[in-house]
């Protein structure tokens, strides 16, 4: 059967499996190319009389590559990875006016997150695609972004990610009777004895605050000087939680007194919270939370109100908990714990 051109007039017969260059508007033969196209795909002969020149027709819109203005489809999780070059808005310079520290010679963000123990490489890519990662205060949703791990501030869900492997963050359960010093000229046991191997290996550690010799419990150790300084500074009001066994049966009205404030020799002090846990046989177990860091502050406070401390244990510093650590044991803080400390002091 003769084929018809697009204006309705009969067209020439065609052999099966062959196309002719004179019928540009006709349908392509089975297994062949469209008529009017050469092997290179470019337009060939002119269209038949009355036919439409399809080479002038608008072409389907191409999907914009990630180097264009469109952003990745975060909702679907389908994000193109750029394995060749940095993301389009990166520069080869570090920093900028209000911008994040992107650098073409840096390390890919998902690799930095994986090395910091945040997630696997694939999991890190999903966090980025979901908009949960920020670099220097800017949310990042593009994959393949390169940063300088030494200068960039990376956060996941608002918590800072520590990517400096040289920094150490430890929790010590200080035993009762030990000094909160790295060395003791009287030969008394001190926390320096517990971390002696680390000191000999060249690690310089700071103890964040002190606990008097008779007080046991959580003491933080780090070589991050800025964090240690801020945790000890009263202006950041990092709360410390204590469990105290005191002499006497504490009345419920004492909580109101302690929250209002009590005058001591070196100035007034008030607690953030006070809870009576147990009262038994002429003694009371109470929980005290305060952000003061003055010497022997809990003991002096309870002595002033008539309930001297028999035993004192610190259980928390900020969101870091002592848990079931054995006395004298060390543990490395987790990523969330470190991030919580940084957040508490504005780092």
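Residue numbers (the UniProt record's numbering): 1 to 347.
Backbone N, C-alpha and C fix where the C-beta goes; we use that ideal spot for every residue, glycine too.
Identify every residue that forms a DSSP beta bridge with residue 233.
According to DSSP, residue 233 bridges with nothing at all.
Using only alpha-carbon positions, find the residue among 236, 182, 198 that is nearest to residue 192.
With distances taken between Cα atoms, residue 192 lies closest to 182.
Classification of residue 187 by the beta-carbon crowding that lies within 10 angstroms, buried from 16 upward
By the C-beta density criterion, residue 187 is exposed, having fewer than 16 other C-beta atoms within 10 angstroms.
Touching or not, the region 304-312 and the region 240-248, by the rule of three or more beta carbon pairs under 8 Å?
At 8 Å Cβ cutoff, the stretches touch.
Residues in its own chain within less than 8 Å of residue 234 by CB, not counting five upstream and five downstream?
Taking C-beta separations shorter than 8 Å and ignoring five residues to either side along the sequence, the partners of residue 234 in its chain run 291, 292, 293, following chain order.
Please state whether the Cβ-Cβ distance between residue 124 and residue 109 is less than 9 Å.
The answer is yes: Cβ separation under 9 Å.
Quick check: what's the CA-CA separation for residue 266 versus residue 274?
Between residue 266 and residue 274, the C-alpha separation is close to 21 Å.
Helix, strand or coil for residue 257? Go by DSSP, reduced to three states.
Correct three-state label for residue 257: helix.
What residues in its chain sit with their C-beta under 7 Å from that of residue 198, if we drop five residues either side in the sequence?
Excluding sequence neighbours, residue 198 sits near 205.
Sort out for me which residues DSSP pairs residue 135 with in a bridge.
DSSP output for residue 135 lists 138, 154 as bridge partner(s).
Every unbroken alpha helix (DSSP H) inside the region 179-216 [4 residues or more]
Qualifying alpha helix (DSSP H) stretches, in chain order: 191-194, 196-200.
In three-state terms, what does DSSP make of residue 263?
Reduced to three states, the DSSP call for residue 263 is strand.
Just list the beta strand (DSSP E) runs in the region 287-330, keeping only unbroken ones of 3 residues or longer that don't cross its boundaries, in chain order.
With a minimum length of 3 residues, the unbroken runs of beta strand (DSSP E) contained wholly in the region 287-330 fall at 309-317.
Here's the rule I'm using: 16 or more other beta-carbon atoms within 10 Å means buried, otherwise exposed. How should residue 295 be labelled?
It is exposed - the Cβ of residue 295 has fewer than 16 other Cβ atoms within 10 Å.
How is residue 228 classed by DSSP in three states: helix, strand or coil?
The answer is helix: DSSP assigns residue 228 an H, G or I state.
Proximal residues to residue 112 (C-beta, below 6 Å), its chain only, five neighbours per side dropped
Around residue 112: 149, 163.
Would you list the residues sitting across from residue 107 in a DSSP beta bridge?
For residue 107, which the question treats as bridged, DSSP gives the partners 147.
On the three-state DSSP scale, how would you describe residue 343?
The answer is helix: DSSP assigns residue 343 an H, G or I state.
Cβ-based neighbour list, residue 346, same chain, cut-off 8 Å, excluding 5 preceding and 5 following:
Closer than 8 Å at Cβ, skipping near neighbours: 230, 236.
If we count the other Cβ atoms within 10 Å of its Cβ and call it buried at 16 or more, is residue 256 buried or exposed?
Exposed.
Grab the span of the beta strand (DSSP E) containing residue 171 for me, first residue to last.
Per DSSP, residue 171 belongs to the beta strand (DSSP E) from 169-174.
How many angstroms separate the CA atom of residue 254 from the CA atom of residue 140?
Taking the straight line from one Cα to the other gives about 50 Å.
Please name the residue or residues paired with residue 113 in a DSSP beta bridge.
Residue 113 is not bridged to any residue.
Start-to-end residues for the alpha helix (DSSP H) that takes in residue 276
Residue range 273-280 is occupied by the beta strand (DSSP E) that includes residue 276, with no alpha helix (DSSP H) assigned at that position.
For residue 106, count neighbouring C-beta atoms within 10 Å of its own C-beta (all shown protein chains included) and say buried if the count is 16 or more, exposed if not.
Counting other Cβ atoms within 10 Å of its Cβ, residue 106 reaches 16 or more and is therefore classed as buried.
Assumed close pair residue 312, residue 299 - CB separation to whole angstroms, cut-off 8 Å:
With a beta-carbon spacing of about 7 Å, residue 312 and residue 299 fall inside the 8 Å limit used to define contacts.
How big is the Cα-Cα spacing for residue 289 and residue 145?
Spanning the two alpha carbons is a distance of roughly 43 Å.
Would you kindly work out how many angstroms separate the C-alpha atoms of residue 211 and residue 173, rounded to a whole number?
It is roughly 11 Å from the alpha-carbon of residue 211 to the alpha-carbon of residue 173.
With a Cβ-Cβ cutoff of 9 Å, do residue 341 and residue 330 count as a contact?
For residue 341 and residue 330, no; Cβs fall outside 9 Å.
Count the other CB atoms, across all protein chains shown, that sit within 10 Å of the CB of residue 224; report buried if there are 16 or more and exposed otherwise.
Residue 224 sits buried, since 16 or more C-beta atoms from the chains shown fall within 10 Å of its C-beta.
Assuming residue 160 contacts residue 343 under a Cβ cut-off of 8 Å, what Cβ separation, rounded to an integer in Å, is found between them?
Your pair residue 160 and residue 343 checks out as a contact, with CB atoms roughly 7 Å apart and the cut at 8 Å.
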